[in-house]
Structures are given as C-alpha cells and as structure tokens.
Amino acid sequence: MPYKRPLFNIIFIIACMNTLGCISPNTNISGIRNLARLGGNDQLKEKALQEETANFLKVKDYIDNKKMEAGLNAKSCIRKFGKPVVITSYPEGEKWIYKQSSVDWIGGEKIYLFFDAQKYLTSWECINCS
Numbered sequence: 288m289p290y291k292r293p294l295f296n297i298i299f300i301i302a303c304m305n306t307l308g309c310i311s312p313n314t315n316i317s318g319i320r321n322l323a324r325l326g327g328n329d330q331l332k333e334k335a336l337q338e339e340t341a342n343f344l345k346v347k348d349y350i351d352n353k354k355m356e357a358g359l360n361a362k363s364c365i366r367k368f369g370k371p372v373v374i375t376s377y378p379e380g381e382k383w384i385y386k387q388s389s390v391d392w393i394g395g396e397k398i399y400l401f402f403d404a405q406k407y408l409t410s411w412e413c414i415n416c417s
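In the working numbering, the protein residues as written are 288 to 417.
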C-alpha cells in the first residue's frame, strides 16, 4: 500500500525532516523533488537512486585518495561528482550533502561539502564513513 501513494510519502518525509530540524527554509531538496516528479515511473526512480549512490561514491573515493582540495569551485565539483542530494544555503555559503540511496539520514554515511559565499570549497566532512 505505501507504494500507491508516493507523493504523500515524500511529503510526509519532508515534513518529518523539517520538524526534526534537518531541513531549513534555505534548503534545496531537488533530489527529493525529482523523485516526487517521477511518480510511478519505477525505472526512472531506480536510475535516480543509482545516480545518488554513484555520486556519493565518487566524492568518497576522491576524499579517500587524498585528491580533495579546498578552493575547488562548485561547478567543477558538480562536473566531478554530480549533483548532491541536498544543498543548504547560508549567508556565508552552502553545505552540500552526498549520501547513498540505500542508507538512512540519521545513522548512515554522509559527506558534507562546505562552500563559501563565492562558491569555493572550504572544507568537507565524512559522517559515519568507513
């Protein structure tokens, strides 16, 4: 039954994340919106989820191999790693979140990339990464 109402499920998840403080008004949740737009097209949803995981693994590999450097601009990061799942904007810059589609938000592996107001990478953080 839960697969019959994907839009309701996605709205419910967003509401829960907002209530828990995981999403601020300045958060770009394009990845979640894209899944909602795909509606019942399971093949496109699966492709989007695989892309989310592939992007996470690209960032993780780059960090693990000590290739990540402060000063990369946001456009080059998107070319190298693909789009993040979530982008949160602040007056001082942005926080990008990459995660595998198969892990949960609370305890799963996540990678944060932090950008300054000019959209240059300043730092990164691996959460629960093995």
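Where is the CB? At the ideal position from N, CA and C, for every residue including glycine.
Could you work out which residue in the options is closest to residue i when comparing CA atoms only?
{"i": "Glu-260", "options": "Ala-357, Ser-363, Gln-405 and Lys-370", "result": "No information on residue 260 is available, as it lies outside the stretch 288 to 417 that the chain covers here."}
{"i": "Ser-388", "options": "Gln-337, Asn-328, Val-346 and Lys-345", "result": "Gln-337"}
{"i": "Ile-384", "options": "Gln-330, Lys-353 and Lys-347", "result": "Lys-347"}
{"i": "Gly-380", "options": "Met-355, Lys-334 and Tyr-407", "result": "Tyr-407"}
{"i": "Ala-357", "options": "Leu-331, Gln-405 and Phe-343", "result": "Gln-405"}
{"i": "Lys-367", "options": "Glu-396, Asp-403, Lys-345 and Lys-382", "result": "Lys-345"}
{"i": "Cys-416", "options": "Asp-403, Phe-343, Thr-375 and Leu-359", "result": "Phe-343"}
{"i": "Ala-377", "options": "Met-355, Gly-395 and Asp-403", "result": "Reading off the sequence shown, one finds Tyr at residue 377, where the question assumed Ala. Of the candidates Met-355, Gly-395 and Asp-403, the one whose C-alpha sits nearest the C-alpha of Tyr-377 is Asp-403."}
According to the neighbour-count rule (16 or more other Cβ atoms, all chains shown, within 10 Å of its Cβ), is residue i buried or exposed?
{"i": "Ile-365", "result": "exposed"}
{"i": "Ile-414", "result": "exposed"}
{"i": "Asn-328", "result": "exposed"}
{"i": "Lys-353", "result": "exposed"}
{"i": "Lys-397", "result": "buried"}
Can you tell me the Cβ-Cβ gap for residue i and residue j, rounded? I've got them flagged as a contact below 8 Å.
{"i": "Phe-401", "j": "Trp-411", "result": "7 Å"}
{"i": "Val-372", "j": "Lys-386", "result": "6 Å"}
Give me whichever residues DSSP pairs with residue i in a beta bridge.
{"i": "Thr-340", "result": "Answer is none; Thr-340 lacks a bridge partner."}
{"i": "Phe-401", "result": "Lys-382 and Ser-410"}
{"i": "Tyr-377", "result": "Gly-380"}
{"i": "Asn-352", "result": "DSSP, once it has assigned bridges, lists no residue as partnering Asn-352."}
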